[in-house]
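Visitor: Below is the structure I would like to discuss, written out as structure tokens.
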Amino acid sequence: MNIILLGPPGAGKGTQAQRLVDKYNMVQLSTGDMLRAAVKAGTPVGLEAKAVMEAGELVSDDIVSALICDALDALDADTGVIFDGYPRTAPQAHSLDTILSERARLLDHVIELEVNEEALVDRITGRFTCANCGTGYHDRHKLPKSEGVCDKCGSTEFKRRKDDNAETVRQRMVEYRAKTAPILPIYEERDVVTRVDGMADMDTVTQSLVEVLEG
Ligand code: ADP
Ligand code: ADP
Ligand code: ZN
Numbered sequence: 037m038n039i040i041l042l043g044p045p046g047a048g049k050g051t052q053a054q055r056l057v058d059k060y061n062m063v064q065l066s067t068g069d070m071l072r073a074a075v076k077a078g079t080p081v082g083l084e085a086k087a088v089m090e091a092g093e094l095v096s097d098d099i100v101s102a103l104i105c106d107a108l109d110a111l112d113a114d115t116g117v118i119f120d121g122y123p124r125t126a127p128q129a130h131s132l133d134t135i136l137s138e139r140a141r142l143l144d145h146v147i148e149l150e151v152n153e154e155a156l157v158d159r160i161t162g163r164f165t166c167a168n169c170g171t172g173y174h175d176r177h178k179l180p181k182s183e184g185v186c187d188k189c190g191s192t193e194f195k196r197r198k199d200d201n202a203e204t205v206r207q208r209m210v211e212y213r214a215k216t217a218p219i220l221p222i223y224e225e226r227d228v229v230t231r232v233d234g235m236a237d238m239d240t241v242t243q244s245l246v247e248v249l250e251g
């Protein structure tokens, strides 16, 4: 099973991908996470991507498609994949077609998380993650059960993304509207798209995704 989670910044892609990974034997491939790791490690890709990410713009198609190729090649052929934050442009969508067919993988579902734009700034500005295991939290919607301690691994260190500020979010939304939303028709033609209400609470969204995957 190979699925794409589509949605604007803060829609809940990462949150739901983590839950699907826990429930099914699938792997989450997040180009955002891969790029942040490259920036942190100071690789050539990271050096090129850093300023672009901080400005809320999109990193080049060639870079992200190469990251996806490498990540897929490190997996067993039968491990299911959740694409989180990729593809984000029409050229990336076309590259993904090639990348998947070269590896005899089929695209089973493209799930769009629909959210009100006004909610996204609230989602993004309250977002933080465990510095150790990456579990996602929110200042208002999902605090750790025990204050300051990660539910999953017990770490007391958390981090916030440099690009999660109100100004950058607006630019990321502009990019989403201009470049990412227009790829949906490519998939609609193939009858693989399902829209899910991303404004519902996290458990309800997960339930909707499970219905799509098991439906
Ligand atoms: P994305 O990966 O699409 O950018 P995230 O999954 O990181 O989005 O979610 C953004 C923030 O919103 C996180 O802090 C997360 O805890 C919170 N969040 C995710 N889904 C919901 C939801 N259904 N309701 C309220 N808050 C949510
Ligand atoms: P979010 O979860 O808020 O949607 P991501 O973590 O997916 O954000 O991406 C963070 C940033 O990394 C983006 O704003 C962009 O600069 C870059 N990025 C991530 N994925 C891609 C991609 N597929 N194509 C181009 N740029 C990307
Ligand atoms: Zn943790």
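When we follow this note's numbering, the leftmost residue of the sequence shown carries the number 37, and every step to the right adds one.
Every residue gets a Cβ at the ideal spot worked out from N, C-alpha and C, and that includes glycine.
Mapping the DSSP letters down to three states, classify V232 as helix, strand or coil.
Guide: Locating residue 232 in the sequence shown gives position 196, counting from the first residue. Reduced to three states, the DSSP call for V232 is strand.
Visitor: Can you tell me whether A202 is buried or exposed, with buried defined as 16 or more other CB within 10 angstroms of its CB?
Guide: The count along the sequence shown starts at 1 and reaches residue 202 at position 166. Exposed: under 16 other Cβ atoms inside 10 Å.
Visitor: Indicate the three-state DSSP secondary structure (helix, strand or coil) for T216 in the structure shown.
Guide: Position 180 of the sequence shown holds residue 216. In the structure shown, T216 sits in a helix (DSSP, three-state: H, G or I).
Visitor: Where in the stretch 72-104 do unbroken runs of the alpha helix (DSSP H), each at least 4 residues long, occur, reported from the N-terminal end onward?
Guide: 80-90
Visitor: Please enumerate, following chain order, all residues with a beta carbon closer than 5 Å to at least one heavy atom belonging to ligand 3.
Guide: C166, N168, C169, T171, C186, K188, C189 and S191
Visitor: Where M70 and L108 are concerned, what is the direct C-alpha to C-alpha distance, given to the nearest angstrom?
Guide: Locating residue 70 in the sequence shown gives position 34, where the first residue counts as 1. Locating residue 108 in the sequence shown gives position 72, where the first residue counts as 1. Whole-angstrom Cα-Cα distance: 13 Å.
Visitor: Do three or more CB pairs link the stretch 220-228 to the stretch 51-60 at distances below 8 Å?
Guide: no
Visitor: At what residue ranges does the stretch 155-189 contain a whole run of the beta strand (DSSP E), taking only runs of 3 or more?
Guide: 163-166 and 172-174
Visitor: To which residues of the same chain is E211 closer than 6 Å at the C-beta, ignoring the five residues directly before and after it?
Guide: Numbered from its first residue, the sequence shown carries residue 211 at position 175. Taken in chain order, the residues that qualify are L94.
Visitor: Is any heavy atom of ligand 2 found at a distance shorter than 8 Å from the C-beta of G234?
Guide: By 1-based counting over the sequence shown, the position of residue 234 is 198. No; taking the cut-off as 8 Å, the Cβ of G234 has no heavy atom of ligand 2 nearer than that.
Visitor: Please identify the residue among S101, G190, A236 and N61 whose C-alpha is closest to the C-alpha of A126.
Guide: Residue numbering aside, residue 126 sits at position 90 when the sequence shown is read from its first letter. Selected option, being the one with the closest Cα: S101.
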